Amino acid sequence: MKNWYVVDAEGQTLGRLATLVANLLRGKTVPTYTTSADMGGFVVVVNAEKVTVGGRKAQQKLYRRHATGRPGSMKEETFENLQKRVPERIVEKAVKGMLPKGGALGRDLFRHLKVYKGDKHPHEAQTPIDCTHLVDASSNDGAKFPSVPIMTVE
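Residue numbers (the numbering used here): 445 to 598.
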């Protein structure tokens, strides 16, 4: 049985948030972690529209996509515009870049990520564990990793 985690993105830096989410999806907190298996849980990210970036990245960072899937139809959009239009996509792209590429494992792990605009999500029945305080735990002395493992293998 996989654990469920919830992370609040309000006021969090995009890269630090994506790193925590990718580690929870991969299962790197499990003592029996192995790189070639799906050891992680499901991660729910709320308040995706309130994630921040440093410096002038809000105006300079570009997101590229092919609108029709064909060459020549590439669209570019800044962080600010994409955050107004589809804020979930920003977190999804950041996390997907930190997962294994080019195989079934990365695709399966990405399916365990649920990103929502606003603070409501339909996964309350799974009783997710709040891991927001772990986003900046490495540089924040006040945030402590729980003494109980945040993930167990059954």
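The beta-carbon is built from N, C-alpha and C at its ideal position, and this holds for glycine as well. Quick caveat: nothing in here was measured; it's all calculated off a predicted structure.
Along the beta strand (DSSP E) that carries residue i, what are the first and last residues, could you check?
i    : result
K545 : Segment: none, K545 is in no beta strand (DSSP E) and carries neither H nor E.
E521 : 518 to 522
K558 : 557 to 559
How many angstroms separate the CA atom of residue i from the CA atom of residue j?
i    : j    : result
T478 : R460 : 23 Å
K472 : Q456 : 21 Å
P531 : K540 : 15 Å
F486 : S517 : 34 Å
G513 : S480 : 31 Å
D552 : P566 : 20 Å
E521 : L458 : 17 Å
T463 : K564 : 22 Å
L571 : L468 : At residue 571 the sequence reads Thr, which differs from the Leu that was named. Their Cα atoms are separated by approximately 16 Å.
P544 : R470 : 9 Å
K446 : G562 : 24 Å
V490 : T576 : 10 Å
A569 : A502 : 35 Å
R509 : Q527 : 15 Å
G484 : T496 : 26 Å
G547 : T476 : 22 Å
Closest by CA to residue i, which one among the options?
i    : options                : result
E493 : Q504, I534, P515, L464 : I534
G499 : H510, E524, H556       : E524
D452 : N467, V488, P475       : V488
A466 : V497, F554, N491, W448 : F554
V559 : G547, K537, A548       : K537
R529 : G550, Y507, M542       : Y507
Considering just the uninterrupted stretch of the alpha helix (DSSP H) at residue i, what are its terminal residues?
i    : result
L458 : 458 to 470
V539 : 531 to 540
K564 : Where K564 is concerned, there is no enclosing alpha helix (DSSP H), given that its DSSP letter is neither H nor E.
K446 : First-last for K446: undefined, no H or E at that position.
K501 : 501 to 504
Residue i bridges to which residues according to DSSP?
i    : result
D452 : V490
Give a yes or no on whether the C-beta atoms belonging to residue i and residue j are separated by under 8 Å.
i    : j    : result
V450 : D580 : no
D482 : L557 : no
A511 : K519 : yes
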